[in-house]
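Here's the structure, in structure tokens; my notes come after.
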Amino acid sequence: MRIVDGQVNVCCPGRNFVTLKLVTEDGVHGLGDATLNGRELSVASYLNDHVVPLLIGRDARRIEDTWQYLYKGAYWRRGPVTMAAIGAVDMALWDILGKTLDVPVYRLLGGASRDRVMVYAHANGRTLDDTVAAVAHHASLGYVAIRAQCGIPGIPHAYGIARGDQPYEPAEKNAPLETVWSTERYLDFVPSLFERLRRELGQDLHLLHDVHHRLTPIEAARLGKSLEPYGLFWMEDPVPAELQEAFRIIRHHTTTPVAVGEVFNSIFDCQQLIQEHLIDYIRATVTHAGGISHLRKIAALAELHHVRTGCHGATDLSPVAMAAALHFDLSVHNFGIQEHMPHSADTDRVFPHAYAFDAGYMHPGEAPGLGVDLDEALAASFPYERAYLPVNRKLDGTLHSW
Ligand code: KDG
Ligand code: MG
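If you count by my numbering, then the sequence shown holds residues 1 to 402, one letter each, in order.
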């Protein structure tokens, strides 16, 4: 079953998406998500100029061999651009295999380990009142797990807070938004949010919070300790994770569970974090961590060390990634939770899909392959628009980690 064609689609139905489509000699096609928020065209070029020509004529069933060929054969290993490109090829090949065998991909991954996938919603507000109302609203939609982010008094544009009545979208058209940050104000304020959420909404909801790499290890330790009374499901990305051993400082001081990994692109980014039990949830995704094949290896390492999965699922991952993540989530034994930010109506029309949400849980559906398609004619009506993630500065003007 030879690959005879490969095309890269770039479209912007509200935000940019890069989608790889591989076609076999039998006319079967598979899709992979290659979206790298703010650097989309670099992956499109990597695929078009360097990867697709190598795939023509290869056997589409040799998924692992193709993965190794692209990873080891490049000489320049890892990195977000390379791994997003390899991830897209991997997803597309699993999609083709499922369609060829007429089964959903999760059946090829060992079958369902659970009947449905618990997801968490995003709730955010500019004030405490708004945020409590947003969490209550998402609970009324059936979500059993909700991430809460609140505006911080004295910090305009705190991370994760929607502007106006728009759904939250971090990328800005044309040039990055420059925001300011005060760790002192943040650390003083955040416990009051979770104190109110528990007081008004009770103990039953799983509550999550994303620190977005903003703290030093000892600051993160203080935050985790101050949030212990509110029993968070997790504290996400407390510090930038380039220095894995820094997580030991957080671990020494707090029992608040730690989640990390949405920016990781290989097992080597989390090897120490997992093997030394420094985290509780690994958030690497199918798109940025080399596809379903590589993410399964990360999950297998994590399973040995009592670490569960919690895949990134923001709207800058396309419905193709969402579908692939749900097949992975349903099958992998040490699944923890899946992030769910609903896509815009335009995005859902461009990518018709079989997966569905019901009362706080999702399922990938029973369609063969990944169960998602690309309406290329509709996608062409939403051309690419340059966009960037915000840049973050401290009050004194120096650049802060994202
Ligand atoms: O591209 C960056 C976004 O995906 C990121 O800002 C979202 O932190 C995020 C999350 O946890 O979903
Ligand atoms: Mg995050």
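All C-beta atoms in this analysis are idealised placements derived from N, C-alpha and C, irrespective of residue type, glycine included. Note that this is a predicted model, so its numbers are computed, not measured.
Given the structure, does His312 come close to ligand 2, in the sense that its CB is under 8 Å from one of the ligand's heavy atoms?
Counting from 1 along the sequence shown, the entry for residue 312 is found at position 312. For ligand 2, at least one heavy atom lies less than 8 Å from the Cβ of His312.
Report buried or exposed for Gln166, applying the criterion of at least 16 other Cβ atoms within 10 angstroms of its Cβ.
Against the sequence shown, residue 166 aligns to sequence position 166. By the neighbour-count rule (16 or more Cβ atoms within 10 Å), Gln166 is not buried but exposed.
How should Tyr186 be labelled, buried or exposed, when 16 other C-beta atoms within 10 angstroms of its C-beta is the threshold for buried?
Translated into the one-based positions of the sequence shown, residue 186 becomes position 186. Buried.
Inter-residue CB distance, Ala34 and Val23 (contact presumed, cutoff 8 Å):
Taking the first residue of the sequence shown as position 1, residue 34 is located at position 34. Taking the first residue of the sequence shown as position 1, residue 23 is located at position 23. Going by Cβ atoms, the distance from Ala34 to Val23 rounds to 16 Å, so no, they are not a contact pair.
Could you tell me the distance, in whole angstroms, from the CA atom of Met362 to the CA atom of Asp316?
Counted from its first residue, the sequence shown places residue 362 at position 362. Counted from its first residue, the sequence shown places residue 316 at position 316. Taking the straight line from one Cα to the other gives about 19 Å.
With a threshold of 8 Å (Cβ to nearest heavy atom), would Pro342 be considered close to ligand 1?
Stepping through the sequence shown from its first residue, residue 342 is reached at position 342. Every heavy atom of ligand 1 is 8 Å or more from the Cβ of Pro342, so no.
Could you check if His206 belongs to the surroundings of ligand 2, using beta carbon to heavy atom distance under 8 Å?
Sequence index remark: in the sequence shown, residue 206 carries index 206 (1-based). Result no, Cβ not under 8 Å from ligand 2.
Go to Ala121, then tell me how far its beta strand (DSSP E) extends in each direction, as first and last residue.
What you label residue 121 is simply residue 121 of the sequence shown in a count that begins at 1. That run of the beta strand (DSSP E) goes 117-125.
What's the C-alpha gap between Gly111 and Pro104?
Translated into the one-based positions of the sequence shown, residue 111 becomes position 111. Translated into the one-based positions of the sequence shown, residue 104 becomes position 104. Approximately 9 Å, taken between the alpha carbons.
Let me check one thing: in DSSP terms, what residues is Pro104 bridge-paired to?
Translated into the one-based positions of the sequence shown, residue 104 becomes position 104. Pro104 is bridged to Gly369.
Residues bridged to Lys394 [DSSP beta-bridge criterion]
For the purposes of this step, residue 394 is taken as residue 394 along the sequence shown, with counting starting at 1. Trp181.
Nearest by alpha-carbon distance to Val320: which of Thr66, Asn48, Leu395, Val89 is it?
Translated into positions along the sequence shown, residue 320 becomes position 320. Comparing Cα-Cα distances from Val320 to each of Thr66, Asn48, Leu395, Val89, the minimum goes to Val89.
Span of the alpha helix (DSSP H) around Trp234
For the purposes of this step, residue 234 is taken as the residue at position 234 of the sequence shown. Where Trp234 is concerned, there is no enclosing alpha helix (DSSP H), although the beta strand (DSSP E) it sits in stretches over 234-236.
Which residue wins for smallest C-alpha separation from Glu178, given the options Val190, Arg163, His157?
As a first step, residue 178 is located in the sequence shown; it is residue number 178 there, counting from the start. Comparing Cα-Cα distances from Glu178 to each of Val190, Arg163, His157, the minimum goes to His157.
Taking 8 Å as the cut-off, does the CB of Asp375 come closer than this to any heavy atom belonging to ligand 2?
Within the sequence shown, residue 375 is the residue found at index 375, counting from 1. Incorrect: Asp375 has no Cβ contact closer than 8 Å to ligand 2.
Taking the straight line between their C-alpha atoms, what separation do you get for Ser192 and Ala92?
By one-based count along the sequence shown, residue 192 stands at place 192. By one-based count along the sequence shown, residue 92 stands at place 92. Straight across, the Cα-Cα distance linking Ser192 with Ala92 is about 45 Å.
Cutoff 6 Å; reference His327; Cβ partners in own chain excluding five residues on either side
As a first step, residue 327 is located in the sequence shown; it is residue number 327 there, counting from the start. Excluding sequence neighbours, His327 sits near Val105, Tyr106, Pro364.
Below 6 Å CB to CB, which residues in the same chain sit around Gln7 once its five sequence neighbours on both sides are set aside?
One-based indexing of the sequence shown puts residue 7 at position 7. These residues qualify, in order along the chain: Lys21.
Do you know how far the Cα of Asp396 is from the Cα of Val117?
Locating residue 117 in the sequence shown gives position 117, counting from the first residue. Locating residue 396 in the sequence shown gives position 396, counting from the first residue. Cα to Cα, Val117 sits roughly 44 Å from Asp396.
Less than 7 Å between C-beta atoms, sequence neighbours within five positions excluded: which residues of the same chain meet that for Pro80?
For this step, residue 80 is matched to residue 80 along the sequence shown. Leaving aside the five residues that flank Pro80 on each side, the residues in its chain whose CB is nearer than 7 Å to its CB run, in chain order, Leu36, Asn265, His288.
Determine the burial state of Leu232: buried for a count of at least 16 other Cβ atoms within 10 Å of its Cβ, exposed for fewer.
Here residue 232 refers to the residue found at position 232 of the sequence shown. Counting C-beta atoms within 10 angstroms of its own C-beta, Leu232 has 16 or more neighbours from the protein chains shown and is therefore classed as buried.
Following the continuous alpha helix (DSSP H) through His29, name the residue where it begins and the one where it ends.
Mapped onto the sequence shown, residue 29 falls at position 29. Unbroken run through His29 is the beta strand (DSSP E), 29-33; no alpha helix (DSSP H).
Met1 and Ile63 closer than 9 Å at C-beta
If you number the sequence shown from 1, residue 1 lands on position 1. If you number the sequence shown from 1, residue 63 lands on position 63. Not a contact, by the Cβ cut-off of 9 Å.
Using alpha carbons as the reference points, say which of Leu47, Ile86, Val180 lies closest to Asp65.
The count along the sequence shown starts at 1 and reaches residue 65 at position 65. The candidate whose alpha carbon is nearest that of Asp65 is Ile86.
Which runs of the alpha helix (DSSP H) fall wholly inside the region 35-64 and span at least 4 residues, in chain order?
Here the runs fully enclosed are 40-45, 52-55.
Helix, strand or coil at Glu219 according to DSSP, with G and I counted as helix
Here residue 219 corresponds to residue number 219 of the sequence shown, with the count starting at 1. Correct three-state label for Glu219: helix.
Test: His353 CB closer than 9 Å to a CB of chain D
The structure shown contains no chain D; it is built from a single protein chain.
Let me know the secondary structure DSSP gives Met1 once reduced to three states.
On the sequence shown, residue 1 is found 1 positions in, with the first residue counted as 1. The answer is coil: DSSP assigns Met1 none of H, G, I, E or B.
DSSP three-state label for Ile86, please.
Numbered from 1 along the sequence shown, position 86 holds the residue referred to as residue 86. DSSP places Ile86 in helix when its eight states are reduced to three.
Under a three-way DSSP split, which group does Asp316 fall into?
As a first step, residue 316 is located in the sequence shown; it is residue number 316 there, counting from the start. Of the three classes helix, strand and coil, the one that applies to Asp316 here is coil, per DSSP.
Just verifying my parser: in three-state terms, what is the DSSP assignment at Met362?
The count along the sequence shown starts at 1 and reaches residue 362 at position 362. Correct three-state label for Met362: strand.
Best match in Gly151, Ser331, Asn124, Leu128 for proximity to His138 [C-alpha to C-alpha]:
Translated into positions along the sequence shown, residue 138 becomes position 138. Considering only alpha carbons, the answer is Asn124.
From the DSSP output, in three-state form, read off Tyr384 for me.
Indexing the sequence shown from 1 puts residue 384 at position 384. Coil at Tyr384, not helix or strand.
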